[in-house]
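First comes the structure, then the notes that go with it.
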Amino acid sequence: MKQSDRFCRCIKAVKKTVKLRPAQHSDDAREKAAIAICVKSVLQSRGRTLKKFKCRGKGKGVHTQKIK
Numbered sequence: 001m002k003q004s005d006r007f008c009r010c011i012k013a014v015k016k017t018v019k020l021r022p023a024q025h026s027d028d029a030r031e032k033a034a035i036a037i038c039v040k041s042v043l044q045s046r047g048r049t050l051k052k053f054k055c056r057g058k059g060k061g062v063h064t065q066k067i068k
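When we follow UniProt numbering, the leftmost residue of the sequence shown carries the number 1, and every step to the right adds one.
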């Protein structure tokens with residue numbers, strides 16, 4: 001499985017189950033929290049960090065860089 005597929009699948013799964021703080025119940029906040037969790041678990045465990053990504057449409061992919 002490609003890194004981009006793994007990352008995007010993680011975001012979809014975590015977005016459904018993440019619990020937010022009381023004042024932050026927008027869909028945008030839920031997605032940001034899911035992205036942060038997936039960067040930590042999927043990318044940083046492999047010594048990478050997020051540079052740019054796109055999960056939908058044409059040009060789907062994840063661009064990463066090494067952690068310094």
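We treat Cβ as the ideally placed atom computed from N, Cα and C, and that holds for glycine.
Would a C-beta distance cut-off of 8 Å place residue i and residue j closer than the cut-off?
{"i": "residue 77", "j": "residue 15", "result": "Nothing in the structure corresponds to residue 77, since the chain is present only between 1 and 68."}
{"i": "residue 60", "j": "residue 26", "result": "no"}
{"i": "residue 17", "j": "residue 43", "result": "no"}
Ordered along the chain, which non-local residues of its own chain (more than five positions away) have a Cβ less than 8 Å from that of residue i?
{"i": "residue 31", "result": "11 and 15"}
Can you tell me whether DSSP reads residue i as helix, strand or coil?
{"i": "residue 43", "result": "helix"}
{"i": "residue 58", "result": "coil"}
{"i": "residue 65", "result": "strand"}
{"i": "residue 48", "result": "strand"}
Residues in its own chain within less than 7 Å of residue i by CB, not counting five upstream and five downstream?
{"i": "residue 66", "result": "47 and 48"}
Once the 5 residues before and after residue i are set aside, which same chain residues still bring their CB inside 6 Å of it?
{"i": "residue 39", "result": "50"}
{"i": "residue 37", "result": "14"}
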